[in-house]
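Here's the structure, in structure tokens; my notes come after.
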Amino acid sequence: MRLTKKFAAILFGGLLAMAANAAESPDAVGDWRITLLKPADCYTCSMVEELLKRRGAIRSITLNDGRTFEVTATIERRAGGDVTATEYTELAQLPYFNATLWKLQKQQKLAQVLLKHDGHIVSAGSITESADLRNVRIPDDITLPGPKESYDAVSGAYARFQQEMFLRQWNLDWFLQLARHPELAQERGMERWLTQRPVPTAPALPQVSVVLATTASGALDNPIFNAIRNEEITTTLTRDLALPENQLLRFYGAGQQPGPNALEATRTQLRFVQRDLPGAQAFTLGSLADVFARGRAVANSRKLLVFIGHGMPDGAPMWGQPAPLAATELSLLHRRGGSDDVLVSGNCFGGVMAQAVSCGFFGARPDVVATGCQSNAAEVAASKDYLHVFFDGLSRGGQRHADADGDGKVSFDEAHWYATRLGDERNITYSTVDSLADSWFEQHPDLLPQTITVGELHKLAARATSGERVTLQFLSAGLDGSYRVRLQDLAEQAERWSANPEGPRPMLGQLARRLMYTQRDGAGTPALALVRACGSRAVSEFLGR
């Protein structure tokens with residue numbers, strides 16, 4: 051058959067394109083495997099199996115990177131959920147790998163996934179990370195249940211919604227996408243999502259503003275603690291620190307939408323009640339993004355962010371949203387906003403946000419729960435949770451006790467250490483400085499010993515801040531100089547100490563790690579200097595008072 055010149059050119063071009071595509075995708079061949087790590091009693095693992103059953107993929111699955119690249123991967127299941135030493139080394143080399151989050155996911159018995167090519171890990175994570183839930187909403191009849199709805203009925207409805215939503219949204223294709231485009235892990239399209247949002251119609255923020263944000267996804271996880279603490283902190287800011295009302299933004303519940311929006315515990319039952327805050331808006335990713343957008347045009351803008359309510363290992367719940375605010379999302383908003391942002395959080399696992407803003411102060415490490423979030427008003431009144439004591443240190447009556455250096459002003463650091471000393475003893479408080487220390491010791495594990503003596507700690511503290519020294523003296527009172535403080539496994543220490551509070555508080559180990567870093571290993575680093583300067587500012591001066 052004779053070919054016309056035109057047809058020959060088309061055919062030759064097609065062959066060249068095929069060759070080019072093959073050259074661009076040499077990894078299409080080889081052995082591809084999905085390894086499902088399945089710890090005992092893993093609920094999400096059963097949901098993954100249901101997902102595979104619905105796709106007709108029991109032994110193998112075809113994965114697509116969302117563009118033109120496909121592979122067929124064998125599915126293997128591993129009981130117990132552990133990885134080998136070699137696998138962990140490969141995990142740690144992934145550019146987006148977070149060792150703390152990986153450990154927490156395992157502790158929570160979440161289904162974790164390894165995608166391997168020719169025996170080597172090319173991507174990994176929890177199945178929960180495969181769903182982009184930014185635009186998914188929890189139905190209003192779940193977030194705002196009727197006044198006669200029972201707690202069990204709403205809880206069951208939420209569980210059913212979550213199950214079906216995750217079965218629709220989870221996908222193993224994500225791990226192939228991640229292998230080929232690892233940059234997706236950083237912001238998961240957040241930049242694009244932000245650029246598609248309309249410009250806020252509200253006026254620009256004042257140069258200094260305070261954002262009080264209740265972290266709850268609906269009435270089910272919005273205990274009356276959140277409203278009471280919000281009101282209490284508002285009083286301290288407006289009365290004792292003379293913050294004008296127009297500089298205060300309140301995000302609580304469903305905003306001005308009527309209906310039972312909170313959970314209250316009586317002596318006989320849990321019930322849904324309506325607890326409203328004047329002028330409040332719903333705390334969503336969109337409303338938070340608008341806050342940062344409204345501050346972008348303001349020169350030298352500053353924001354104090356306060357998170358009140360529940361927290362999760364992967365972020366802070368937001369109203370009507372099945373996925374929490376992630377640290378990467380808050381970090382992106384902070385960077386795009388170009389403002390000086392300080393975060394104070396009483397959330398469980400709150401320290402996961404430690405490096406998302408200019409500096410932050412938290413009631414809990416990224417791997418530890420915090421006290422608070424009671425549903426009973428009497429228990430809230432008696433609570434010594436982190437936020438209550440932190441802001442008490444800024445009140446007229448508490449300032450002289452929190453002022454560790456005696457200069458007549460209370461800095462963020464001083465309020466933090468005041469809450470550490472006098473707050474609930476079960477808390478292991480945390481800050482951005484502690485996060486820098488943790489990052490350092492993760493990179494240099496040989497520099498973190500198993501223990502350190504109290505005597506050695508006091509020598510380190512000679513060059514520490516006033517708040518650190520006072521807190522060390524408080525936590526080590528009555529201990530002999532030869533007593534050895536444990537520096538490893540703080541989360542496990544906290545869990546055991548909470549169940550049986552004997553001996554020194556695990557918080558002493560947290561402070562010890564911090565002093566070892568700031569006075570020895572990390573001393574003089576630019577990142578530490580910036581964070582130190584951020585936290586040493588008087589709160590009243592930060593607020594422009």
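First residue of the sequence shown? That's 51 in my numbering, and the numbers climb one at a time after it.
A virtual CB, placed ideally from N, CA and C, is assigned to each residue, including glycine.
If you're wondering where the values come from, they're calculated on a predicted model, not measured in any experiment.
{"Check": "Neighbourhood of residue 247 by C-beta distance below 6 Å, restricted to the same chain and skipping five residues each side", "Outcome": "none"}
{"Check": "Nearest-angstrom Cα separation, counted from residue 537 out to residue 499", "Outcome": "7 Å"}
{"Check": "First and last residue of the uninterrupted beta strand (DSSP E) at residue 574", "Outcome": "Premise fails: residue 574 is in no beta strand (DSSP E) and is neither H nor E."}
{"Check": "Separation of residue 568 from residue 507, as counted between CA atoms", "Outcome": "12 Å"}
{"Check": "Whole-angstrom C-beta distance between residue 373 and residue 563, which should lie under 8 Å", "Outcome": "Not confirmed; about 31 Å, so no contact."}
{"Check": "Exposure label - residue 593; buried when at least 16 CB within 10 Å", "Outcome": "buried"}
{"Check": "C-beta contact flag for residue 227 and residue 80 at 8 Å", "Outcome": "no"}
{"Check": "Residue 100 in three-state terms, based on DSSP", "Outcome": "helix"}
{"Check": "Counted within 10 angstroms of its Cβ, other Cβ atoms place residue 360 as buried (16 or more) or exposed", "Outcome": "buried"}
{"Check": "Inter-residue Cα distance where the pair is residue 201 and residue 315", "Outcome": "11 Å"}
{"Check": "8 Å Cβ cutoff met for residue 284 and residue 358", "Outcome": "no"}
{"Check": "Pair within 8 Å by beta-carbon distance, residue 38 and residue 558", "Outcome": "Lying before the first or after the last residue shown, residue 38 is absent from the chain, which here runs from 51 to 595."}
{"Check": "Proximity below 8 Å, CB of residue 597 to CB of residue 501", "Outcome": "Nothing can be reported for residue 597, as the shown portion of the chain is limited to 51 through 595."}
{"Check": "N-terminal and C-terminal residue of the beta strand (DSSP E) that residue 359 is part of", "Outcome": "352-359"}
{"Check": "Contacting residues, own chain, Cβ-Cβ under 6 Å from residue 254 (five flanking each side not counted)", "Outcome": "344, 347 and 348"}
{"Check": "Minimum C-alpha distance to residue 95 - residue among 323, 160, 222 and 327", "Outcome": "160"}
{"Check": "Presumed contact (8 Å Cβ cut-off) between residue 467 and residue 421, rounded CB distance", "Outcome": "About 17 Å; that fails the 8 Å criterion."}
{"Check": "Segment contact flag, the segment 167-179 with the segment 189-208, C-beta cutoff 8 Å, min 3 pairs", "Outcome": "no"}
{"Check": "Residue environment, residue 249, which counts as buried when at least 16 other CB atoms sit within 10 Å", "Outcome": "exposed"}
{"Check": "8 Å contact criterion, which residue 601 and residue 481 should meet: CB distance rounded", "Outcome": "This structure cannot speak to residue 601, because the chain is shown only from 51 to 595."}
{"Check": "Simplified DSSP assignment, three categories, for residue 426", "Outcome": "coil"}
{"Check": "Same chain only: Cβ atoms within 6 Å of residue 579, ignoring 5 sequence neighbours per side", "Outcome": "none"}
{"Check": "Whole-Å CB distance - residue 120 paired with residue 164, under 8 Å assumed", "Outcome": "Residue 120 to residue 164, Cβ: 19 Å. No contact."}
{"Check": "Local Cβ density within 10 Å of residue 143, reported as buried at 16 or more and exposed below that", "Outcome": "exposed"}
{"Check": "Reduced DSSP category for residue 147 - H, G, I as helix; E, B as strand; rest coil", "Outcome": "coil"}
{"Check": "Same chain, Cβ closer than 8 Å to residue 313, five either side skipped, listed in chain order", "Outcome": "201, 269, 270, 271, 272, 273, 274, 320, 321, 322, 323 and 425"}
{"Check": "Separation of residue 427 from residue 394, as counted between CA atoms", "Outcome": "23 Å"}
{"Check": "DSSP three-state assignment for residue 190, whether helix, strand or coil", "Outcome": "helix"}
{"Check": "Segment limits, beta strand (DSSP E) that includes residue 368", "Outcome": "366-368"}
{"Check": "Three-way DSSP call (helix, strand, coil) for residue 409 in this model", "Outcome": "strand"}
{"Check": "Closest residue to residue 486 among 529, 530, 410 and 523 (Cα-Cα distance)", "Outcome": "410"}
{"Check": "Cβ contact (3+ pairs, closer than 8 Å) linking the segment 541-554 and the segment 471-480", "Outcome": "yes"}
{"Check": "Selected residue, minimal CA-CA separation from residue 158, among 107, 209 and 88", "Outcome": "88"}
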